[in-house]
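Note that our numbering has the sequence shown beginning at 78, numbered continuously upward.
The C-beta atom is built at its ideal place from N, Cα and C for all residues, glycine as well.
Fair warning: this is a prediction, and the values are worked out from it, not measured in the lab.
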Amino acid sequence: MAAIDPCNYDLHCHSTSSDGVLTPEAVIRRAATNGVAVLALTDHDEVAGLAEAAQAAREYGIRFVPGVEASITWGGTTIHIVGLGIDRGIATLTAGLEQVRSSRERRAAKIAAQLESLGIAGSLAGAYAYAGNPRLIGRAHVARFLVERGVAPDVATVFRHYLVRGKPGYVPHQWADLADAVASIRASGGRAVVAHPGRYKLPRADLRQFLGEFKRAGGEGIEVVTGSHSPGQYTEFARLAREFGFLASRGSDFHGPDESHIDLGRLPSLPADLKPVWHDW
Ligand code: AMP
Ligand code: MN
Ligand code: MN
Ligand code: MN
């Protein structure tokens, strides 16, 4: 794979199999149009879109990396772990993901009940109407319904005023365990990577403790260049990748043309001295 321009890797994005707005096939088509050579589809807690994406990747001539974005809870903080290259024994992952997906259904009902008590009716059915996969419900689907209701002009604004800690519609949730998630990604032949580590607002000491625990659990990489990081955070997490000896990943976290400020394959390159997560692919 040495001939692939490092700008052509996009290893984090979503489809209608979780909370993206494009089907897996449409994600692949858009990636190909944007010049992506190697794409990972990483839907939240779900692998159901991978087969369609792999098939489309063959048609559009791009290399496909089967992935997932697992939700975990670490010390009370929700953290996302991307699994890349889970192309062997995906069955070892599915039981854990299935549990997380059912817990999402219970959380969605609680979110809807809370919104109902605030005078916003119908948000459970409303959210499911936006769910391309009825087995995977998330806050983004609720947010789209709230936009439809005119509660906020767009999804980003919803997430400033609703559904987050301290705001209406927030329901604390217990996700999977860090060690379990990393172990099942590894058992499926994948490489575990911390998604957008700059987004968790962890105090510095806690962030370092987390990265240490992640590494001891078998985690191998962190996202350095992601649509969720500022350029200053590229530098910060490049430094942490060097210090902890993590492989570096790069991914847009694309959810859809109108919801993501970074399109598929449109990120800067990784700093040249970092070892990319794809170094031995
Ligand atoms: P969930 O996993 O159901 O708690 O939802 C997390 C998802 O909500 C993220 O992957 C995004 O798709 C969406 N989300 C969270 N915060 C924001 C935000 N500030 N702006 C836009 N989307 C967001
Ligand atoms: Mn999402
Ligand atoms: Mn995420
Ligand atoms: Mn994501």
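Same chain, Cβ closer than 8 Å to residue i, five either side skipped, listed in chain order
i    : result
R268 : G160, L161, G162, I262, E297, G298, L324 and V354
D230 : According to the sequence provided, residue 230 is Pro. The question's Asp does not apply to it. Cβ within range, chain order: V224.
Extent of the continuous beta strand (DSSP E) to which residue i belongs
i    : result
I149 : R140 to W151
I188 : Run containing I188: none in the beta strand (DSSP E); it sits in the alpha helix (DSSP H), A168 to S194.
V124 : Note, V124: premise wrong, no beta strand (DSSP E); not H, not E.
Short Cβ contact (8 Å threshold) for residue i with residue j
i    : j    : result
G266 : G166 : yes
D122 : V177 : yes
E317 : L347 : Reading the sequence as shown, one finds Leu at residue 317 and not Glu. Their beta carbons are not under 8 Å apart, which means L317 does not touch L347 by this criterion.
F222 : Y239 : no
G215 : D330 : no
I158 : A272 : yes
P274 : F321 : no
E300 : H89  : yes
Selection from the options that minimises the alpha carbon distance to residue i
i    : options                   : result
A134 : V248, A185 and R107       : R107
G126 : L351, T150, E146 and V302 : E146
R242 : T119, G322 and G153       : G153
A258 : T150, V302 and T93        : T150
G246 : A204, Q286, K278 and V113 : A204
Residues near residue i by beta carbon distance below 6 Å, same chain, minus five either side
i    : result
E193 : none
M78  : For M78, the predicted model reports a pLDDT of 44, less than 50, meaning its position is unreliable and no value from the coordinates is stated.
K187 : V248
V142 : A117, L161 and G162
Endpoints, the alpha helix (DSSP H) within which residue i is located
i    : result
A253 : That residue, A253, is in no alpha helix (DSSP H); it is neither H nor E in DSSP.
S200 : S200 to Y207
Close beta carbons around residue i, own chain, < 7 Å, minus the five adjacent residues each side
i    : result
K352 : L324 and A325
Y137 : I105, R106 and A109
Mind listing, in chain order, the residues whose beta carbon lies closer than 6 Å to a non-hydrogen atom of ligand 1? D96, H121, S148, G215, R216, A217, V232, A233, F236 and H332
Pick out every residue whose C-beta is nearer than 5 Å to a heavy atom of ligand 3: which are they, in chain order? H157 and A272
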